[in-house]
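Trainee: Quick one: the structure is below, and I'll ask about it shortly.
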Amino acid sequence: MTKTLTITSPDDFHVHLRDDALMAAVAPYTAKQFKRALVMPNLKTPITTVDQALQYESRIKKSLKSESHFQPLMTLYLTD
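The sequence shown begins at 2 in my numbering and counts up by one.
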C-alpha cells in the first residue's frame with residue numbers, strides 16, 4: 002500500500018494577486034505552483050461586476066507566460 006499522496010495540480014482557494022507591478026511579481030509565482038486559484042476581488046477598486054472580473058482575468062493572463070496553463074477563478078466583491 003502506498004504511503005504517499007502526490008497532488009500534481011493543486012489549487013489555491015484564496016489568493017490575492019493584486020494589480021499592476023505587484024501582480025506581475027505574484028501571478029507568475031502562483032501559476033508556477035498551482036493549476037487554478039480562487040482570486041480575491043478586493044483590489045483598491047473592488048471587482049464588483051462581471052465585466053470588471055473579465056478585465057481583471059485578462060490582466061492576470063497577460064502577466065503570465067503564454068505557455069501557462071494556470072486558470073484564475075474569478076470572484077466578485079459583494080459587501081463592504
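Just so it is clear, CB atoms sit at the ideal spot from N, CA and C, and this is done for glycine as well.
In this text the structure is predicted, and so the values were computed from the model without any measurement.
1) Could you spell out where the alpha helix (DSSP H) holding residue 24 opens and where it closes?
2) Return the CA-CA distance between residue 60 and residue 75, expressed in angstroms with no decimal places.
3) Need the endpoints of the beta strand (DSSP E) that residue 55 sits in, please.
4) So for residue 15, helix, strand or coil by DSSP?
5) Checking contacts by CB at 9 Å: is residue 81 closer than that to chain B?
6) Does the stretch 45-59 come within contact of the stretch 5-16, defined as at least 3 CB pairs closer than 8 Å?
7) Keeping to the same chain, check which residues put their C-beta closer than 7 Å to that of residue 38; ignore five residues upstream and five downstream.
8) Helix or strand or just coil, what does DSSP make of residue 75?
Mentor: In short, the structure shows the following:
1) 21-34
2) 12 Å
3) First-last for residue 55: 51-63, but that is the alpha helix (DSSP H), not the beta strand (DSSP E).
4) strand
5) Judged by its chain identifiers, the structure shown contains no chain B, having just a single protein chain.
6) no
7) 12, 13, 16, 31, 73, 74
8) strand
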